[in-house]
Structures are given as structure tokens and as C-alpha cells.
Amino acid sequence: MPIDAAAPHTAPPVGRWLVCTGLLLGLAGVAGPVRAESLRCAGGIAAEGESRLSLVAKCGQPMLTDRYCAPVYQGSSWYPVPEPYAHRVVPCQLIDEWLYDRGPGNLWATVRMRSGVVLSITYGNTPR
371 MPIDAAAPHT APPVGRWLVC TGLLLGLAGV AGPVRAESLR CAGGIAAEGE SRLSLVAKCG
431 QPMLTDRYCA PVYQGSSWYP VPEPYAHRVV PCQLIDEWLY DRGPGNLWAT VRMRSGVVLS
491 ITYGNTPR
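Written out as C-alpha cells, the structure reads:
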């Protein structure tokens, strides 16, 4: 069967498909993943943004608790306010950390809260 040079090319446009796929994958990589951790408990699922009361209602009392004053940064500086001035001039940001033991075979859950609202939930082999 002879090949006709005048016949139109019928192969699919692979180059355009590769460019579109690459562009979509690149845009997905730029946006980055949205990660919000949650904690599954007997009373429901606790997530970031929930209140302390909601956390206790769903998960009960924690195994351990800790409260500390987080460093406060003034303006656009990357350096924290020095300690002699931090408590007199700038109010303290109290952070609560609650540790939940999720049972054998599960990682520890550390819940960090500020002003009674869950900021983050992290998991690990050892408490942080």
C-alpha cells in the first residue's frame, strides 16, 4: 500500500497533550497540599479550629498538659522581644499543649491551643 504524501496527518496531537498535562501538574505543585490534622476519639473527630470545650467533649481529659508563654515578636522583626521587656510591655501568648495516648499501636497526639482554640494536632512516637 503506497503512502500518499498529500493525505492529512491523523495522529493525535501528543505534544499538546503533554504540554497541558505538564501545566496542570505544575499548577498543582505550586498550590501545595492543604493539610489539616484531626484527632479521632470515642466521642467524634476533633479538628483544628475547634474549641477546648469541644475537644474535651469528644476526646475526654488529656493524659498530660503543659502551658507556656510563647515568644512575642515586635513588628516585622524576626527576633523575639527580650525577656525583661516581654512581660512588662508586650502581653504574653499563652499556649496550651495537651497530650493524648491513643492506645497500643498508635502514635501519641499532641494538641496545641491558643486562647482556647485548637491550633494544631501533631503525631509522633514521643511527646514533643
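Sequential numbering from 371 applies to the sequence shown in our numbering.
Positions of the beta carbon are idealized from the N, C-alpha and C atoms, including for glycine.
- Beta-bridge analysis with DSSP links TYR449 to no other residue.
- Looking at the DSSP output, LEU469 sits in a beta bridge with LEU434 and THR480.
- Closest by C-alpha distance to ARG410, out of THR496, MET483 and LEU477, is LEU477.
- Separation of GLN463 and ARG437 (C-alpha to C-alpha, rounded to the nearest whole angstrom) is 10 Å.
- Using a 10 angstroms sphere on the CB of THR435, the tally of other CB atoms stays under 16, which defines it as exposed.
- Boundaries of the alpha helix (DSSP H) harbouring SER424: 422 to 429, taken from the DSSP string.
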